[in-house]
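Residue numbers (our numbering), protein chains in the order written: chain A, 1 to 518; chain B, 1001 to 1184. For every residue, glycine included, the Cβ atom is placed at its ideal position computed from N, Cα and C. Quantities reported herein were computed from a predicted structural model and do not represent experimental measurements.
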């Protein structure tokens, strides 16, 4: 039994969310002797709950509370986030990739782009680098710290072979936060597949079975699962005083707080700030300049499937089948800013049937599907741009079961993304053609799992929601601790950066607390 | 500028005005708050013939949408059963299902189920892009490609944790690629 705190204990830091942001900051604070209550909307599952069944695990892990999407989004499922202890670290494919220094200086590197409000990150890259190293060590990232890369799977080998023929150089199985050797009390990967359905043996890093139990063992941390935060209370001078949440029976509780870290993913984090409007914050906390919810970014995300001349069996093994990074670099003359990675990824029979041709049916179509074992597939992940009109807002009339406005998400693809997508899908198709693909098929993006930027950092209060340490402007003790802080999406999968920022923020909080500033 | 672009918007693809009108009608049927329904109201005294007709039509339709010659009818019957059972508790859904089948039957003296395969396929093509077509395509995919019999037919091996993963079961056994070197 871990420590339990009273609701009126004003000494605790309340962390909202238990994933890459919240789980990490909770563990880092408690490790330094700071008392933490972590409120997580989802249930606490165990490894025994993780079965190799995509459809079943989708229902168990997904945040399915009502939301509405508009623009280029699936209206009913506009974005994918998790509602479970561990958050998206249960679902992620574990690619722990560092963004490049340039990618934190989007405005300087790419110049101004119409339809986007580019800014540089207000953080020195050297400082981030230090935390990337700490994060990689914490997470056990293969290919760092002397841990070997994972062996190449069939799907990887197809891509690697084609990429080498075309002269690509930066090809590897990826910096995966999956144990390539037994370590940290967790086993080595057994190439199970189903990484996105929760790793059934715990070889993949997830806060569910790393940071959270470690935090509990410090005796400075209490996790309250199935606790949905509905609002923040504050003093007249902008100090957060308590967090209101509903337990699984819907009963409301008020937990007093010394400081509050919000890490509820880039849809629920701005929603909470907006839903906590008050006399002091008439448009929502931190929204004095109207930035909360804006600059919603995903990644430029699409795929190519290829029918190969022989068996690939891409369903076997680690789902994230390597990455090819040669195209990530910004180059003038390509018709778009920034770049993208090509990342191998399998499709289940169901996904293949849905995406190979979004309207496909009939004998010709099932003849293709029956060649399932001969398919290979690859996703492209590219930098998305911060468009102020892509945003999370509160629905004017629809309410959830707590009576709160549901979030709406509007997103339109930027012309830059369309040009990049075309370039990237052509590049992947060429890779497949180089190894004798019989046919290639381009497919569009499912609801995004990378949700970023809706409470962005800014050096100047008028440009964003929080400062370079994630502290929300106009408050003395409220921090954004997840991917909402991102100023730009970078070309890299976001989790490593989220973890690094959370570790950095924890150090900052601990220092200020030791000086009695918080 | 931004609104010029759409990714993966199949509803905007290749749609005739007639099909658009039809899907609009079906969407209206789906959102109507009517409490009437095919099975929610007392059945007409037809000895279950209407339900039988519906069931048979849906089984045939599912097979023509995703025909796998080697597959027995069981998996296709499961799809029809799932749709019919949802219709039994959801009057609006029942109405839209009925409307979809009526659409298939329309425009020809013989009901869709009595036509030859070419005629049946032609009628499905007429429905492409509409709400009923999308419902049938989605439902069929979700059932068929989560079915173990179908997985075996496709060579998809599915759950592996109980066998110790794929680490010793061919995750890296590709043998037809020249010059591959897995990362060490």
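Every unbroken alpha helix (DSSP H) within the region 100–178 of chain A, with a cutoff of 4 residues, ordered by chain: 106–110, 125–139, 154–165
Backbone CA spacing between residue 129/A and residue 102/A [nearest angstrom]: As a working mapping, residue 129/A is identified with position 129 in the first chain. As a working mapping, residue 102/A is identified with position 102 in the first chain. Roughly 13 Å between the two C-alpha positions.
Interface partners of residue 141/A on chain B, CB under 8 Å: In the first chain, residue 141/A corresponds to position 141, counting from 1. Ordered by position in chain B, no residue passes the 8 Å Cβ test against residue 141/A, which lies about 14 Å from the chain.
Contact residues within the region 1090–1121 of chain B, judged by C-beta distance below 8 Å to chain A: 1121
Within chain B, partners of residue 557/A - CB distance below 7 Å: Any property of residue 557/A remains undetermined from this structure, which presents chain A solely from 1 to 518.
Buried or exposed (CB count within 10 angstroms, at least 16 for buried), residue 262/A: Here the question's residue 262/A lines up with position 262 in the first chain. Buried: at least 16 other Cβ atoms inside 10 Å.
Separation of residue 1071/B from residue 1149/B, as counted between CA atoms: What you label residue 1149/B is simply residue 149 of the second chain in a count that begins at 1. What you label residue 1071/B is simply residue 71 of the second chain in a count that begins at 1. Going from the Cα of residue 1149/B to the Cα of residue 1071/B covers about 8 Å.
Buried or exposed by the 16-neighbour rule on C-beta atoms within 10 Å, applied to residue 265/A: Position 265 of the first chain, counting from 1, holds the residue named residue 265/A. Residue 265/A is buried by the Cβ-count criterion.
Nearest-angstrom Cα separation, counted from residue 1168/B out to residue 126/A: Mapped onto the first chain, residue 126/A falls at position 126. Mapped onto the second chain, residue 1168/B falls at position 168. Roughly 42 Å between the two C-alpha positions.
Contact belief for residue 256/A with residue 241/A at Cβ below 8 Å, rounded distance in angstroms: Taking the first residue of the first chain as 1, we reach residue 256/A at position 256. Taking the first residue of the first chain as 1, we reach residue 241/A at position 241. Confirmed, Cβ separation roughly 7 Å.
Cutoff 8 Å: residue 153/A Cβ touching any chain B Cβ: Taking the first chain and counting its residues from 1, one reaches residue 153/A at position 153. Taking Cβ atoms only, chain B reaches closer than 8 Å to residue 153/A, which makes this a yes.
Where residue 234/A sits in the DSSP three-state scheme: Taking the first chain and counting its residues from 1, the one referred to as residue 234/A is at position 234. Strand.
Residue-level contact to chain A via CB, residue 1150/B, 8 Å cutoff: Translated into positions along the second chain, residue 1150/B becomes position 150. So, interface residue.
Status (buried if at least 16 other CB within 10 Å, exposed otherwise) for residue 516/A: Here residue 516/A is taken as the residue at index 516 of the first chain, counted from 1. When all chains shown are included, residue 516/A counts as exposed.
Best match in 301/A, 110/A, 196/A, 198/A for proximity to residue 413/A [C-alpha to C-alpha]: Your numbering for residue 413/A matches position 413 in the first chain. Out of 301/A, 110/A, 196/A, 198/A, 301/A has the C-alpha closest to the C-alpha of residue 413/A.
Proximity test, Cβ basis, 8 Å: residue 409/A and chain B: The count along the first chain starts at 1 and reaches residue 409/A at position 409. Judged by the 8 Å Cβ criterion, residue 409/A is not in contact with chain B.
Environment of residue 1048/B [buried if 16+ CB atoms lie within 10 Å]: In the second chain, counting from the first residue as 1, residue 1048/B sits at position 48. With fewer than 16 Cβ atoms within 10 Å of its Cβ, residue 1048/B is classed as exposed.
The region 285–304 of chain A in contact with the region 362–371 of chain A per 3-pair CB rule at 8 Å: no
Residue 1174/B, buried or exposed, once every other Cβ within 10 Å from all chains shown has been counted against 16: Taking the second chain and counting its residues from 1, one reaches residue 1174/B at position 174. It is buried - the Cβ of residue 1174/B has at least 16 other Cβ atoms within 10 Å.
Partners in chain B for residue 369/A, counting only beta-carbon separations shorter than 7 Å: The count along the first chain starts at 1 and reaches residue 369/A at position 369. Within 7 Å Cβ-Cβ: 1154.
Check whether residue 69/A and residue 406/A have beta carbons under 8 Å apart: Within the first chain, the letter at position 69 stands for residue 69/A. Within the first chain, the letter at position 406 stands for residue 406/A. No, the Cβ-Cβ distance between residue 69/A and residue 406/A is not below 8 Å.
Distance, residue 1086/B Cα to residue 67/A Cα: To locate residue 67/A, count along the first chain from 1; it is residue 67. To locate residue 1086/B, count along the second chain from 1; it is residue 86. So the alpha carbons of these two residues sit roughly 24 Å apart.
Proximal residues of chain A, C-beta to C-beta of residue 1146/B below 7 Å: Here residue 1146/B refers to the residue found at position 146 when the second chain is read from its first residue. Neighbours of residue 1146/B on chain A, chain order: 55, 350.
Burial state of residue 1125/B, where buried means 16 or more other Cβ atoms lie within 10 Å: Within the second chain, residue 1125/B is the residue found at index 125, counting from 1. So residue 1125/B counts as exposed.
Three-state secondary structure (DSSP) of residue 377/A: Position 377 of the first chain, counting from 1, holds the residue named residue 377/A. Here residue 377/A sits in strand by DSSP.
Nearest-angstrom beta carbon gap, residue 187/A and residue 201/A [assumed within contact, 8 Å]: The residue labelled residue 201/A in the question sits at position 201 within the first chain. The residue labelled residue 187/A in the question sits at position 187 within the first chain. Between residue 187/A and residue 201/A the Cβ distance is about 5 Å, and since that is below 8 Å, they are a contact.
DSSP state of residue 1053/B mapped onto helix, strand, coil: Position 53 of the second chain holds residue 1053/B. In the structure shown, residue 1053/B sits in a helix (DSSP, three-state: H, G or I).
For residue 340/A, the residue or residues it bridges with in DSSP: Looking up residue 340/A in the first chain gives position 340. 382/A.
Residue of 286/A, 159/A, 28/A minimising C-alpha distance to residue 460/A: Sequence index remark: in the first chain, residue 460/A carries index 460 (1-based). Out of 286/A, 159/A, 28/A, 286/A has the C-alpha closest to the C-alpha of residue 460/A.
Cβ of residue 1074/B within 8 Å of any chain A Cβ: Taking the second chain and counting its residues from 1, the one referred to as residue 1074/B is at position 74. No, residue 1074/B does not count as interfacial toward chain A.
Three-way DSSP call (helix, strand, coil) for residue 258/A in this model: Locating residue 258/A in the first chain gives position 258, where the first residue counts as 1. Looking at residue 258/A - three-state DSSP - the assignment turns out to be coil, as it is neither helix nor strand.
Contact residues within the region 302–314 of chain A, judged by C-beta distance below 9 Å to chain B: 302, 308, 309, 310, 311, 312, 313
Contact residues within the region 56–71 of chain A, judged by C-beta distance below 7 Å to chain B: none
Residue nearest to residue 272/A in terms of C-alpha spacing, selected from 249/A, 244/A, 248/A: Looking up residue 272/A in the first chain gives position 272. For residue 272/A, the nearest C-alpha among the options comes from 244/A.
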